[in-house]
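A.B. asks: Heads up, the sequence shown is in my numbering, so the first residue is 4 and it goes up one at a time.
We treat Cβ as the ideally placed atom computed from N, Cα and C, and that holds for glycine.
Only a predicted model underlies this, so the values are computations on that prediction, with no experimental measurement involved.
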Amino acid sequence: MNGREGRNLKSLAKTRSIDLKIGKKGLTDTFLVEANKVLTKDSMIKFSHSLIKAERNELITKIEDKLSVNLIEKVGRTLTFHKTSS
Numbered sequence: 004m005n006g007r008e009g010r011n012l013k014s015l016a017k018t019r020s021i022d023l024k025i026g027k028k029g030l031t032d033t034f035l036v037e038a039n040k041v042l043t044k045d046s047m048i049k050f051s052h053s054l055i056k057a058e059r060n061e062l063i064t065k066i067e068d069k070l071s072v073n074l075i076e077k078v079g080r081t082l083t084f085h086k087t088s089s
């Protein structure tokens with residue numbers, strides 16, 4: 004992804020509403036199925052979470068691995084990802 008594509012995706016992410024909320028149980032199988040449905044339709048997904056800042060990077064790594072996505076933007080408790088083309 005080049006700079007122009009990244010800026011375009013960040014612009015789209017700003018106005019996008021939150022698709023899913025990551026709860027106490029974390030990344031359950033049901034959650035991953037729903038996330039894949041959103042990614043299949045839009046190729047972008049926006050999450051909110053209630054984890055502390057120290058656990059956020061671990062969560063980002065898990066999401067990227069399990070869903071084959073790249074982090075576009077993280078703002079506060081909101082994370083936006085884009086489906087990698089493969």
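With 16 other CB atoms within 10 Å as the buried threshold, where does K49 fall?
C.D. replies: buried
A.B. asks: Please work out which residues of its chain come closer than 6 Å, Cβ to Cβ, to H52, disregarding the five sequence neighbours upstream and downstream, and give them in chain order.
C.D. replies: Excluding positions up to five away in sequence, the list reads I25, R80.
A.B. asks: Just to confirm my understanding: we take D22, look at its own chain, exclude 5 residues before and 5 after, and list those with CB closer than 6 Å. What are they?
C.D. replies: V41, I48, K49
A.B. asks: Quick one: what's got a C-beta closer than 6 Å to E67's C-beta in the same chain, skipping five residues either side?
C.D. replies: none
A.B. asks: Nearest CA to the CA of I55: which residue from L35, L12, G29?
C.D. replies: G29
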